[in-house]
Every structure is written in structure tokens, then in C-alpha cells.
Amino acid sequence: MGKITVETCEIEGLKVITPTVFGDERGYFVETYNYNDYKEAGIDQVFVQDNQSSSVKNVLRGLHFQINHPQDKLVRVLAGEVFDVAVDLRPDSATYGKWFGVLLSAENKKQFFIPKNFAHGFLVLSDYAEFAYKCTDFYHPGDEGGLKYDDPDIGVEWPLCGEALLRRAWSSSFQKRIKNGAASGNIRKAEVDVRRTDLDMRKDWIRNMESKEKAKKRFDLSRLPKPVGIGVFYGICLIVAVMVLAHNNPLAPDQHTENLKKWCACALLTLACIIFGLYYDRMFIIPRELFQSRRLIWKLAKNDFKKRYAGSYLGFLWALVQPVVTVLMYWIVFDKVFQTRAQMVASGVEVPYVLHLTAGLVPWFYFSEAITNGTNALLEYSYLVKKVVFNISILPIIKLIAATFIHVFFVAVLLVVAAFYGYYPTIYTLQVIYYSFCLFILVLAMSYCTCAVVVFFRDLAQIINIGLQVGMWVTPILWNITMINDDNVITLFKLNPLVYIVNGYRNAIYGDEWFFEHFYSSTYFWIFTVTLFCVGSLIFKRLKVHFADVL
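Counting with the numbering used here, you get residues 60 to 610 for the letters of the sequence shown.
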């Protein structure tokens, strides 16, 4: 750490931070926030909003708290001097109802970290002050409650130098009581009533908030304790390993190949467990950040999709034209000109070639667009990467969700084409949802690797474009894998996870097989994808601190 000094307070959770100031005759330099240093000090929260206010002498702002969306705050003073106060509102805390104050100024450059479920306020001591603070949740109008600055049950000792200029922050229920009292001409009685019930009302609010927080934790997997999270993952891997070893494939060509598949699967599971156990903290950061930012992700994904075709006459229809033209050209060339249909029938595929082709191209179009956009996510949103308060971990998934909108349309087109040829939706068609999810997770895992590396090695984008051209031919899209007679070659091709996806789409549209009937293929795909996601998360978090410097 070294760059900051952290002092704990008598109220648990509160921290006073003093940064190191580098000064000379020219002035000074100070690093006001560094995620790594603060994380090492136990402050690993992700701040999503910065606020700043100015006030004149004797202005008292507070005491404020958030009702349904509590925030962690990191506060400091840019100009002037204030007396900053935090009041503990955690019902189970030994210091419930106690307060702590600290002097913050532009001269001492101290910062004050205030966790969730504290009321906060400050009094300006200088002629003028500028106050800034970071928050871990966005501002929600109507969500603010407050305590009286001179509540006798709390007893904050404000260093007042004259009459305070108050910004009243009583909760709405208290204000209604004041208004009712004013309407009846009995304002004093209403004020006394408020003061009498202030503590009881506050306790009721705290109990309600606590029950909501407990309900959130019950369904929030991102809050799992580390031993529980690792234990759950190991348990799943153990169950999968037992299923792999116990499975007997009656269609296996020989026992040696069967055993080789089993041991390879167990080796991959063991590798995944080792990586997950060693780097749990780093790998679990991204899933937690994605879950916490789910509403923001959805909003930004819709905006990304809209702006991509903004200003064009046909709008998003341009995203549909090229793939449709590509399908038609492949169909004409391979089915009508080269008579590929006869070869397909000879290999056991009796469905119309255009349906076979479309079922392979739909997932491929999604894969190629999503991996390209996901790789360039940080470059495209470089202005957000440079913002300290923005969670850049959500950028790749934003690009993938935007690409998913087009994919949903093409799946609908695929179903229409299948129905035109007499292959109507059945219960097996529901597997399209499963295989789409598989494809989404695979591309997401790859994107965290590629988007982090491309920041430092821009040539990777061109390498990926070439890889996509080659990948289309080594994936059985224009052809069928059953056309190969050598089992070893087939096994080699199946190492490509997209083979599992493409064959899955075809089974969902016109086949009559469930995904779990292909036991080894499903097991291999998920072991490969989870391992890739773990590696991608590690690479992303390792390089994340350098993104802003390079961009």
C-alpha cells in the first residue's frame, strides 16, 4: 500500500484515510484514489457516482441516509474546512445511535470512508467549502431520509460559530406531521410529537431495511462467503467427475477411446478446480460486478444497439441484410451449382440443404459478431475506461447483449424456414434457448481474454478476423461432420466448441435428440468454457489497472 495511511475509529467500519502528498516549490501532487491501495486497506467497494457541492460558512447539511438504496461513501474536501459526522444506524451494532466526527480540509487532505447504513452530515467551518464524495449506488429521488441535526438521543456536538443555516432532511412522514400541525394551528405540538417519535420511527425503518437486506442476501449469489463458493464449485466438479466416470457409451468405437475421453475430462476438471481455488477472489469479482450492475448493463446494451444504426434510413435492418444475402449466396453456390445436396443425403442428412445451412449459419453469425464487438469493447468505450468511477468490467457483456438482439431475430427466421419445409416446432426446439445460452457464455469468456489483450496488442483484432475466416470452414456449417470417415479426425474437429453449438442448433430445429444424450460433448463444452472464463477473468483483472494508461 504505502501511498495512504488508514486510521480506524471507535465505531467499526468507519475509516479516516490520509494520502501521501508529494510537494515542492511548484506545488504538490496527490493520488486521491487508487483501487488497489484502497482494496488492500479493506475498502474494495466499486464506486459508481461522484458528487460535489459548495457551501458557505455555517451551512449544516444532514443528517442524511438512504432508505432502500444504501450507499458506501468516500468523502473529502476540495476547498475550505468542514466538520464531517457519521451516525451508526445498524441495529445489531454495539455502537448503534453513536456518532463520530472528523475535521476534513483542503489542507489536511484527509478522506472519510462511511459504510452503508450510516447517517451522514457536515458543517462548514470556513468562509467557503467545496465538498466531494464517491458513492457505491446511484442517486434515487425520493429515497432519502434524515435525522434532526440536534436530536438529543444522538447528541452530535457541532462546533457551531453562530446560527446554523440548516437544510432540513427529515423523512417525509415527519414532514407530514409538521404540515398537519401547521394546518391545525398547533405547530409546537407537532414538533414535539416528531421529536418524541423520531427514535421509534427510525428503529422501524432500520428493521424494515434490515429485512430487505437479508432478503437480498438470500438470493444474491455474489455474497457467498469464499469457503462456501469454493465448496459449491468443488462439489459440482466432483458430481460431474463421478458422472463422467460412471457413464457408459454403447456407441463408443473402443474402450481405449472411451477411457481417454474420461481421463481428459477429469484432468480438465482438476485444472479448473486448482485455478478456481487459487484465484477465487479475482475470478469472482467479475460475476459479482455483473450481477450488481445488471440494470445498468441492460440499459447500456439497448443504447448500444440503437446508436449502432442511428442516422441510417433502414436502421437496424442493415444488420439483417448481409447475413440474409450470405445465406442465399451459399445456398445458390453449394446447393444449386455444386449439387451438395446429393453428398449430404449420402452422409445421412436428408433435410433440405438451405435449412441445414441456415441452422449452422445462425449461431455462426452471432459468434462472429459478438466476438468482434466484445474484443473491441474497451477500445470503443475508451472514454469510459479512463473514468475512475466506471465499472469497465461490464463493457464486454454490453456488446454481447446488443448482438443478442439481432440473434433473436435470426432464430425466428430459422424457425420460419424450418416450418416452410415442414419441420414445425416441437419440444426439442426449446433447446435453442439452451444452446444460445451456451454460445453467449462461450463468447463472454473469450471476450474477457481478447478485449484485455487487444488494448496492448492491437494486431489481435486482425488475427481474430483471419481466425474467423478459417473457423467458418473448420466448423461443420457448410458441410456435415458425418461426411468424415476417420474417427480420429472427427474427434479432432470436435475439440472446437462451436461444433457442439452448431450440431445442437440442428438437433433443436429438425433433430429428435436432447443435449444430455451427447454426454461427453456437453461435459467437454462446459469444462472448456468454465475454464476459459476463469482464465479470462484472471487476465482481465490482471491487466485492468493498466487500461487507462495505455488508452
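In this text, a Cβ means the ideal position worked out from N, Cα and C, and glycines have one as well.
In this structure, does DSSP put Val-141 in helix, strand or coil?
In the sequence shown, counting from the first residue as 1, residue 141 sits at position 82. Strand at Val-141.
Excluding the five sequence neighbours on either side, which residues of its own chain have a C-beta within less than 7 angstroms of the C-beta of Pro-484, listed in chain order?
For the purposes of this step, residue 484 is identified with residue 425 of the sequence shown, where counting begins at 1. Result list for Pro-484: Leu-474, in chain order.
Same chain only: Cβ atoms within 7 angstroms of Lys-157, ignoring 5 sequence neighbours per side:
Within the sequence shown, numbered from 1, the residue matching residue 157 stands at position 98. Same-chain partners within the cutoff: Ile-70 and Asp-147.
If you drop the 5 nearest sequence neighbours on each side, which residues of the same chain put their C-beta closer than 6 angstroms to that of Ser-164?
As a working mapping, residue 164 is identified with position 105 in the sequence shown. Val-136 and Glu-140, listed in sequence order.
Please report the distance separating the alpha-carbon of Phe-172 from that of Lys-132.
Position 113 of the sequence shown, counting from 1, holds the residue named residue 172. Position 73 of the sequence shown, counting from 1, holds the residue named residue 132. Whole-angstrom Cα-Cα distance: 6 angstroms.
Mind checking who Leu-206 pairs with in its DSSP beta bridge?
In the sequence shown, the residue the question calls residue 206 occupies position 147. DSSP output for Leu-206 lists no bridge partner at all.
Please check the pair Ile-536 and Val-561, which I expect to be a contact at CB under 8 angstroms, by giving their CB distance rounded to whole angstroms.
Translated into positions along the sequence shown, residue 536 becomes position 477. Translated into positions along the sequence shown, residue 561 becomes position 502. Contact holds; Cβ gap of about 6 angstroms.
Secondary structure at Tyr-187, three-state DSSP: helix, strand or coil?
For this step, residue 187 is matched to residue 128 along the sequence shown. Of the three classes helix, strand and coil, the one that applies to Tyr-187 here is strand, per DSSP.
Report the partner residues of Lys-74 according to the DSSP bridge assignment.
The count along the sequence shown starts at 1 and reaches residue 74 at position 15. For Lys-74, which the question treats as bridged, DSSP gives the partners Thr-67 and Phe-172.
What three-state label does DSSP hand Asn-110 in the structure shown?
Locating residue 110 in the sequence shown gives position 51, counting from the first residue. Correct three-state label for Asn-110: strand.
Kindly give me the distance between the Cβ atoms of Ser-596 and Tyr-480, rounded to whole angstroms, as I take these residues to be in contact under 8 angstroms.
Indexing the sequence shown from 1 puts residue 596 at position 537. Indexing the sequence shown from 1 puts residue 480 at position 421. Contact flag wrong, Cβ pair sits at about 43 angstroms.
Rounded distance between the beta-carbons of Thr-534 and Leu-557, thought under 8 angstroms:
Along the sequence shown, read from residue 1 onward, the residue named residue 557 stands at position 498. Along the sequence shown, read from residue 1 onward, the residue named residue 534 stands at position 475. Leu-557 to Thr-534, Cβ: 5 angstroms. Contact.
Along the chain, which unbroken stretches of the alpha helix (DSSP H) at least 4 residues long are found entirely within the stretch 527-587?
546-553 and 556-569
If you scan the stretch 437-506 from start to end, which runs of the alpha helix (DSSP H) of 4 or more residues do you find wholly inside it?
441-444 and 454-479
For Asp-196, the nearest candidate out of Asp-151, Gly-205, Gln-170 and Asn-110 (CA to CA):
Residue 196 sits at position 137 when you count from the first residue of the sequence shown. The shortest C-alpha separation from Asp-196 is found at Asn-110.
In or out: Asn-176 buried (at least 16 other Cβ within 10 Å) or exposed?
Position 117 of the sequence shown, counted from the first residue, corresponds to residue 176. When all chains shown are included, Asn-176 counts as buried.
Using the beta-carbon count (16 or more within 10 Å), is Pro-129 buried or exposed?
Taking the sequence shown and counting its residues from 1, one reaches residue 129 at position 70. Flag for Pro-129 reads buried.
Let me check understanding here. Comparing Cα to Cα, which of Ala-504, Phe-606, Cys-68 and Gly-419 lies closest to Val-476?
Against the sequence shown, residue 476 aligns to sequence position 417. Here the closest residue by C-alpha is Gly-419.
With distance defined between alpha-carbon atoms, name the residue in Ala-461, Pro-411 and Gly-526 nearest to Leu-359.
The residue you call residue 359 lines up with position 300 of the sequence shown. Measuring from the Cα of Leu-359, the nearest candidate turns out to be Ala-461.
Looking only at C-alpha atoms, which of Leu-438, Ile-63, Phe-464 and Leu-414 sits nearest to Phe-81?
For this step, residue 81 is matched to residue 22 along the sequence shown. Out of Leu-438, Ile-63, Phe-464 and Leu-414, Ile-63 has the C-alpha closest to the C-alpha of Phe-81.
Please report the residue range of the alpha helix (DSSP H) in which Gly-82 lies.
Taking the sequence shown and counting its residues from 1, the one referred to as residue 82 is at position 23. Per DSSP, Gly-82 belongs to no alpha helix (DSSP H); it is in the beta strand (DSSP E), 80-83.
Counted within 10 angstroms of its Cβ, other Cβ atoms place Trp-390 as buried (16 or more) or exposed:
As a working note, residue 390 is residue 331 in the sequence shown. It counts as buried.
Determine, using beta-carbon pairs with one atom in the stretch 429-436 and one in the stretch 565-581, whether at least three such pairs fall under 8 angstroms.
no
Looking at the strands, I want to know which residues DSSP matches up with Phe-159.
Position 100 of the sequence shown, counting from 1, holds the residue named residue 159. Partner(s): Ala-145.
Where Asn-362 and Asn-544 are concerned, what is the direct C-alpha to C-alpha distance, given to the nearest angstrom?
Position 303 of the sequence shown holds residue 362. Position 485 of the sequence shown holds residue 544. Roughly 48 angstroms between the two C-alpha positions.
Cβ neighbours of Pro-174 in the same chain (closer than 7 angstroms, five flanking residues each side left out):
If you number the sequence shown from 1, residue 174 lands on position 115. Closer than 7 angstroms at Cβ, skipping near neighbours: Gly-72 and Asp-131.
Three Cβ pairs or more, each shorter than 8 angstroms: is that satisfied between the stretch 520-527 and the stretch 586-593?
no
Helix, strand or coil at His-123 according to DSSP, with G and I counted as helix:
In the sequence shown, counting from the first residue as 1, residue 123 sits at position 64. Here His-123 sits in strand by DSSP.
Taking all protein chains shown into account, do 16 or more other C-beta atoms lie within 10 angstroms of the C-beta of Glu-428, making it buried, or fewer, making it exposed?
Numbered from its first residue, the sequence shown carries residue 428 at position 369. Buried, because 16 or more other Cβ atoms sit within 10 Å of the Cβ of Glu-428.
Beta-carbon separation (whole angstroms), Leu-414 vs Tyr-569, contact threshold 8 angstroms:
The residue you call residue 414 lines up with position 355 of the sequence shown. The residue you call residue 569 lines up with position 510 of the sequence shown. Leu-414 to Tyr-569, Cβ: 7 angstroms. Contact.
Rounding to the nearest angstrom, what Cα-Cα distance links Ala-145 and Tyr-94 in this structure?
Numbered from 1 along the sequence shown, position 86 holds the residue referred to as residue 145. Numbered from 1 along the sequence shown, position 35 holds the residue referred to as residue 94. Between Ala-145 and Tyr-94, the C-alpha separation is close to 23 angstroms.
Whole-angstrom distance between Lys-116 and Leu-44, CA atom to CA atom
The question about residue 44 has no answer, for the chain in this structure spans 60 to 610.
Considering just the uninterrupted stretch of the alpha helix (DSSP H) at Phe-335, what are its terminal residues?
Here residue 335 corresponds to residue number 276 of the sequence shown, with the count starting at 1. Run containing Phe-335: 314-337, per the alpha helix (DSSP H) assignment.
Per the DSSP calculation, Gly-180 is bridged to which residue(s)?
For the purposes of this step, residue 180 is identified with residue 121 of the sequence shown, where counting begins at 1. Val-144.
For the alpha helix (DSSP H) that contains Tyr-425, what are its first and last residues?
Reading the sequence shown from its first residue, position 366 is the one you call residue 425. Here the alpha helix (DSSP H) through Tyr-425 covers 412-434.
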